[in-house]
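Undergrad: In the UniProt record's numbering, the protein residues as written are 1 to 168.
Backbone N, C-alpha and C define an ideal beta-carbon position, used for all residues, glycine too.
Fair warning: this is a prediction, and the values are worked out from it, not measured in the lab.
Here's a structure for you.
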Amino acid sequence: MSGDHPAPLVGIVMGSRSDWETMLHAAEKLQALGIPHEARVVSAHRTPDVLFDYAETAASRGLRVIIAGAGGAAHLPGMLAAKTAVPILGVPVQSKALSGLDSLLSIVQMPAGIPVATFAIGHAGAANAALFAAAMLATTDAAIAEKLVAFRKKQTDDVMATADPRTA
Ligand code: RP5
Numbered sequence: 001m002s003g004d005h006p007a008p009l010v011g012i013v014m015g016s017r018s019d020w021e022t023m024l025h026a027a028e029k030l031q032a033l034g035i036p037h038e039a040r041v042v043s044a045h046r047t048p049d050v051l052f053d054y055a056e057t058a059a060s061r062g063l064r065v066i067i068a069g070a071g072g073a074a075h076l077p078g079m080l081a082a083k084t085a086v087p088i089l090g091v092p093v094q095s096k097a098l099s100g101l102d103s104l105l106s107i108v109q110m111p112a113g114i115p116v117a118t119f120a121i122g123h124a125g126a127a128n129a130a131l132f133a134a135a136m137l138a139t140t141d142a143a144i145a146e147k148l149v150a151f152r153k154k155q156t157d158d159v160m161a162t163a164d165p166r167t168a
């Protein structure tokens with residue numbers, strides 16, 4: 001994806017390719033804000049060595065935030081957080097069996113000491129994790145801060161422009 005260049009500031013990782021339909025909403029937001037990012041499938045239980053390598057090299061590769069989406073017994077965000085000090089934003093993917101409640105509880109209930117910031121289940125969580133990553137980066141990057149302000153203003157303007165629900 002074009003977000004892979006220049007050096008990514010945000011890593012989007014997910015437990016399975018099947019998570020992409022959720023996590024693409026994070027990528028879309030980062031793309032819209034012009035934030036360099038990458039997207040990778042990194043499974044805690046199917047490719048644990050890849051997970052360790054990804055986490056251990058994240059900081060030295062320049063990643064400032066990692067958005068991690070997983071479903072079911074969703075240990076990916078917590079395992080990443082255990083192996084890197086780069087902040088982890090966890091996105092619970094909506095599972096088929098339990099509609100994502102399993103994913104949410106797996107991600108949110110981290111024992112004290114290794115934090116994972118947890119977002120809403122599904123599309124909203126992925127989009128908001130990206131906006132939150134942007135807000136974190138904006139504290140030290142004026143260009144990203146400006147784009148974030150512009151995004152929020154447009155969102156407000158769009159709502160105001162269609163405030164009468166009877167109009168199309
Ligand atoms: C988790 O298991 C993934 O994050 C995914 O949400 C879920 C199902 O994976 P697949 O069976 O679709 O590969 O590891």
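(1) Once DSSP output is grouped into helix, strand and coil, what is the label at SER2?
(2) Would the beta-carbon of SER60 be found less than 6 Å away from any heavy atom of the ligand RP5?
(3) Identify whether GLY11 lies in helix, strand or coil by the three-state DSSP scheme.
(4) Give the range of the beta strand (DSSP E) segment to which LEU51 is assigned.
(5) Return yes when the C-beta of SER16 is under 6 Å from any heavy atom of the ligand RP5, and no when it is not.
(6) Any idea if PRO8 is buried or exposed, counting beta-carbon neighbours within 10 angstroms, 16 or more meaning buried?
(7) Return helix, strand or coil for THR22, following the three-state DSSP convention.
(8) For the alpha helix (DSSP H) that ILE144 lies in, which residues bound it at each end?
(9) Is ARG17 helix, strand or coil when you go by DSSP?
(10) DSSP three-state call for GLY117: helix, strand or coil?
(11) Can you give me the C-alpha to C-alpha distance between ALA124 and ALA134, rounded to a whole angstrom?
(12) Exposed or buried, what is PRO92 when buried is set at 16 or more other beta-carbons lying within 10 Å of its beta-carbon?
(13) Which stretch, first to last residue, makes up the beta strand (DSSP E) that contains ILE35?
(14) Is DSSP giving GLY125 helix, strand or coil here?
(15) For ASP19, verify whether its CB is less than 6 Å away from any heavy atom of the ligand RP5.
(16) What residue range is occupied by the uninterrupted alpha helix (DSSP H) comprising GLY100?
(17) Tell me the residue span of the beta strand (DSSP E) that contains GLY71.
TA: According to the structure shown:
(1) With a pLDDT of 44 at SER2, under the threshold of 50, the modelled position of this residue cannot be trusted, and the question is left open.
(2) no
(3) Judged by DSSP in its simplified three-state form, GLY11 adopts strand.
(4) Taken as a continuous stretch (DSSP letters only), LEU51 belongs to no beta strand (DSSP E), being part of the alpha helix (DSSP H) at 48-58.
(5) Checking every heavy atom of the ligand RP5 against the Cβ of SER16, one is found closer than 6 Å.
(6) PRO8 is buried by the Cβ-count criterion.
(7) helix
(8) 142-161
(9) Secondary structure of ARG17 (DSSP, three-state): helix.
(10) Reading off the sequence, residue 117 comes out as Ala, not Gly. DSSP places ALA117 in strand when its eight states are reduced to three.
(11) 15 Å
(12) buried
(13) No beta strand (DSSP E) contains ILE35, which DSSP labels as neither H nor E.
(14) helix
(15) yes
(16) Per DSSP, GLY100 belongs to no alpha helix (DSSP H) and is neither H nor E.
(17) 65-71
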